[in-house]
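Here the protein sequences come in this chain order: A and B.
Residues in the first sequence are numbered from 33 upward in steps of one, following the working numbering.
Residues in the second sequence are numbered from 33 upward in steps of one, following the working numbering.
Contents: one structure, followed by commentary.
Number of protein chains: 2
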Amino acid sequence: MARIVQKFGGSSVANAEKIKNVAKRVAATADEGNQVVVVVSAMGDTTDDLIDLAKQISLDPSQREMDMLMATGEQQSIALLSIALQELGKKAISLTGPQAGIHTDCVASKAKITEVNCARLEKELNAGNIVVVAGFQGLSPDGEIRTLGRGGSDTSGVALAVALKADLCEIFTDVEGVFTADPRIVPKAHKIDSISYDEMLEMASAGAGVLQPRSVELAKQYGIHVHVRSTFTQNKGTIVQEGNKMENLEKEMVVSGVALDRNVIKVSVFDVPDEIGVASKLFRALADARINVDMIIQGGDRNRLNSITFTTGKDEKIKLEKLLNDVVPKIGAKEYTVSDGVSKVSIVGAGMITNPGVAAKMFETLSDNGFNIELISTSEIKVSCIVKEDRAAEAVCLLHTAFDLDKE
Amino acid sequence: MARIVQKFGGSSVANAEKIKNVAKRVAATADEGNQVVVVVSAMGDTTDDLIDLAKQISLDPSQREMDMLMATGEQQSIALLSIALQELGKKAISLTGPQAGIHTDCVASKAKITEVNCARLEKELNAGNIVVVAGFQGLSPDGEIRTLGRGGSDTSGVALAVALKADLCEIFTDVEGVFTADPRIVPKAHKIDSISYDEMLEMASAGAGVLQPRSVELAKQYGIHVHVRSTFTQNKGTIVQEGNKMENLEKEMVVSGVALDRNVIKVSVFDVPDEIGVASKLFRALADARINVDMIIQGGDRNRLNSITFTTGKDEKIKLEKLLNDVVPKIGAKEYTVSDGVSKVSIVGAGMITNPGVAAKMFETLSDNGFNIELISTSEIKVSCIVKEDRAAEAVCLLHTAFDLDKE
């Protein structure tokens, strides 16, 4: 008997029919004699619909109240999936994040899981139940319902797998696994059978969107094998696990995948005084407001010295502008611009470490095709470039071909 | 400074625009220097939509999971109303039923409030917050989210008014108050300015639908003044309070109102053995299954002796038939019929007690107009008759005229 955590995303439970199909799949896993804990996201577009509703009332709703609102989406899914499992004759029970013992810190809308108290989960498993847990949410020490940020259900799934010492964590999604690029953009993209935690992490932060980066970090930290696979087929998907480095170097591609992140805005602050600590004041203010900054370049503007440019997510725009209106004069800078017509294109691959010239090849490919690269950032196994949004998909296709990913 | 509990029903918060209007109304009450606790129901048809969704998955979903599902409707409303209040510059915080300290028994879908622990509520009020509480829900001792049954938000509102020693409980709805009959059925129906708890209770159980009977019982028990009024106008509605008996007898109508309840099914069990305890076995089984039985007649069928006939709500039909298939053979009865083409018409009035002949006048009015009365039940201040559903509205109009309610 194995203990398996299965996580189903919103598109897998988008309507009654799909929920019934997920129930069949979960029941089949239980019928094989496994203990099963299921983590589900909100149905289909529920989360977006709730955000739209809130925005009709306020352009800047309080995050505490947004957590209260958003947590309902997952709560609906768990009840409906439990009903579907019971309809199949299975013993099943739904638990909200707080009921499942998922504890978080007190940060509204972007809480981090601090602990999972498994008492209730173990009790329900021992009673022979399939336990259906609401992803994306937990209880903070001050008794509030907190959400983990977009895609947080992946993190809930992996955290439960860690806490319950599960043998496997399956992440079900609407695609067959992790691909060399988004198949909607690159028709020749193909599924990757196995990927290392580090590569997956870079792919995820680069916008590949299959797994939330935090869930990959957590899986890496505790060595949880994650199987990313399709809800709609029985095919084997992509296994995320510790990479066999030697094998990678010998047999695998230098570049494993090309990712595209459209959720990018570029912010430039101009005429920043050339004093020690000015940049740190700016980024401290951003950090305190819980705005995640991705790429940062100082003095990167051709015409003006002392400018600071960085990127962040589009959903931060209102909060960001509010903050910059306050902070930019305080640090003695003159003005700032926010531009949202840009995207981030990244290449990822563990093989990069020992293959010099990969970044150069990327820049050449882009510039040969007339792209202006607005920002660059690199890590050991990733190179990212900010380009204009309207040609970003084209850049992904060009890089997919340039790095020999078109042939399977 | 007064302490006021305001309850807004689902139609009052059906969309973003309506929620903003409710927020203005609540804010105005707070601006007058009052402490305000707001109780809200789920938006518009949310509850019905959630039930439909569950029914697409199972015709007989577990009530524990239905509670999990339904509790989300109110949770969405409280978050959105708090956001709307904050947008108006007010301090506001939403609390789920469990967070607000509303404790219930362990009966899924029909839980009763056992206690309200006001610690968190008082803390938030003292911090200057308008507190927005989810109606219809609470926490049972086993850590489960329970709902109070349809219309339970009224009961939440009154229970909070009791626990917080509020000066007033305002129940906002989509009508101007309690009417002598449903104005959609009786065009000449008019608003009642003041009604006693007992009359309101009978009106409510007779299907007048403005207040949940349990909330009226609770208000009566603790002497809470309830003001039933319109969300959409500033008009004075109907005050529900202890009746001034003398005044009632001298000045008021013998009959205060005529109510219609379409949510009725009539059940007859035939050839019941003539033994002691048989009827009690049947009704014990119904009670154990938490099926509320309304009118009961034994031996009331012309053609067969030893039959038992009773009425209950339409929503109990599936559960009821399941139970009767099991219980009817067990008590040695031969068969049963369930008929749902019937409605209950009631006349209510405190003046009835001292005015003999009211029931007789009701029966005459109906029979003179060709109605076959299928069942009758009476209380001190109410007479109810079961008639065919297709002419029930006509019966209400006839009785409204017969008891002099057409003139204001």
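Backbone N, C-alpha and C define an ideal beta-carbon position, used for all residues, glycine too.
Requested in this report: Quick one: give me the first and last residue of the alpha helix (DSSP H) that Arg316 of chain A is part of.
Outcome: Val310 to Asp320
Query raised in the report: What residues from chain B crowd round Gln107 of chain A, counting only those whose CB sits closer than 9 Å?
Result: Met100, Leu101, Ala103, Thr104, Gln107 and Ile177
Report task. At 3 residues or longer, and completely inside the segment 132-181 of chain B: list those beta strand (DSSP E) runs for me, N to C. Result -> 134-136, 145-148, 162-166, 169-171 and 177-179
Report task. May I ask you to report which of helix, strand or coil DSSP gives Ser109 of chain B? Result -> helix
Requested in this report: Take His432 of chain A and list the residues in its own chain whose beta-carbon comes closer than 8 Å to its own, dropping the five residues that flank it on each side.
Outcome: Thr212, Ala213, Val218, Lys220, Ala221, Val290 and Asp438
Query raised in the report: Would the beta-carbon of Ala74 of chain A fall within 8 Å of that of Glu106 of chain A?
Result: yes
**Report entry** Under 8 Å between C-beta atoms of Asn149 of chain A and Gly133 of chain A
**Finding:** yes
Query raised in the report: Is it a yes or a no for the segment 85-101 of chain A touching the segment 112-129 of chain B, going by three-plus beta-carbon pairs under 8 Å?
Result: yes
Query - Cβ distance (whole Å) where Thr343 of chain B is taken to contact Asp320 of chain B below 8 Å - result: Actually they are not in contact, since the Cβ atoms of Thr343 of chain B and Asp320 of chain B sit about 19 Å apart, beyond 8 Å.
Query raised in the report: Got a sec? Which residues, its chain only, sit under 8 Å from Asn295 of chain A by beta carbon, not counting five neighbours each side?
Result: Gly239, Gly345, Lys346 and Asp347
Query raised in the report: Do you know whose CA, among B:Asp306, B:Val68, B:Met33 and B:Leu314, lies nearest Asn338 of chain B's CA?
Result: B:Asp306
**Report entry** Spatial distance of Glu282 of chain B from Asp293 of chain B (CA atoms)
**Finding:** Summary for Glu282 of chain B: the model assigns pLDDT 46, below 50, so the residue's position carries little reliability; its value from the coordinates is reported in the next sentence. Near 30 Å, if we compare the C-alpha coordinates of Asp293 of chain B and Glu282 of chain B.
Query raised in the report: Residue range of the alpha helix (DSSP H) that Ile350 of chain A falls in?
Result: Lys349 to Lys362
**Report entry** Cβ separation of Val163 of chain B and Ile203 of chain B, assumed to be a contact under 8 Å, to the nearest whole Å
**Finding:** In fact, because the Cβ distance is near 17 Å, the residues do not count as touching under 8 Å.
Query raised in the report: How about the segment 261-275 of chain B and the segment 403-413 of chain B: do they share at least three Cβ pairs that are nearer than 8 Å?
Result: no
Query raised in the report: Curious, which full-length alpha helix (DSSP H) runs of at least 4 residues does the segment 223-251 of chain B contain?
Result: 229-235
Query raised in the report: Which word fits Ala195 of chain B, buried or exposed, when buried means at least 16 other C-beta atoms lie within 10 angstroms of its C-beta?
Result: buried
Query raised in the report: For the putative contact between Gly184 of chain B and Gln244 of chain B, defined by C-beta atoms under 8 Å, what is the C-beta separation to the nearest angstrom?
Result: 7 Å
**Report entry** Cα-Cα separation, Ala424 of chain B to Val370 of chain B
**Finding:** 19 Å
Query - Integer Cβ distance of Gly3 of chain B from Cys201 of chain B, believed to fall under 8 Å - result: Outside the shown range of chain B, which is 33 to 440, sits residue 3 of chain B, and nothing can be said about it.
**Report entry** C-beta contact flag for Leu398 of chain A and Leu355 of chain A at 8 Å
**Finding:** no
Query raised in the report: In whole angstroms, what is the alpha-carbon distance linking Val71 of chain A and Lys39 of chain A?
Result: 5 Å
Requested in this report: Run down chain B in chain order and give the residues with a C-beta less than 7 Å from the C-beta of Ala321 of chain A.
Outcome: Ordered by position in chain B, no residue passes the 7 Å Cβ test against Ala321 of chain A, which lies about 18 Å from the chain.
Query - Within chain A, partners of Ala48 of chain B - CB distance below 8 Å - result: Leu85, Gln88 and Ile89
Requested in this report: Compare the C-alpha of Arg182 of chain B against each of B:Gly42, B:Gly160 and B:Leu192 and name the closest.
Outcome: B:Gly42
Report task. Could you pull the start and end residues of the alpha helix (DSSP H) that Arg57 of chain A belongs to? Result -> Ala48 to Asp63
Query raised in the report: How many angstroms separate the CA atom of Glu367 of chain B from the CA atom of Glu421 of chain B?
Result: 24 Å
Query raised in the report: Which two residues bound the contiguous beta strand (DSSP E) that contains Phe342 of chain B?
Result: Ile340 to Thr344
Query raised in the report: Can the beta-carbon of Gly170 of chain B be found less than 8 Å from the beta-carbon of Gly121 of chain B?
Result: no
Requested in this report: Please report the residue range of the beta strand (DSSP E) in which Lys420 of chain B lies.
Outcome: Lys414 to Lys420
Query raised in the report: Using the C-alpha atoms, what's the distance from Thr179 of chain B back to Lys142 of chain B?
Result: 6 Å
Requested in this report: For my contact list, Met394 of chain B and Cys417 of chain B are in at a C-beta cut-off of 8 Å; report their separation, rounded to the angstrom.
Outcome: 7 Å
Query raised in the report: How would you list, in chain order, the residues of chain A whose beta-carbon sits under 7 Å from the beta-carbon of Glu119 of chain B?
Result: Ile89 and Ser90
Query raised in the report: Does DSSP put Thr369 of chain A in a helix, a strand or coil?
Result: strand
Query raised in the report: Is Lys223 of chain B close to chain A, meaning its C-beta is less than 8 Å from at least one C-beta of that chain?
Result: no
Query raised in the report: By the 10 Å Cβ neighbour count, where 16 or more other Cβ atoms means buried, how is Asn161 of chain B classified, buried or exposed?
Result: buried
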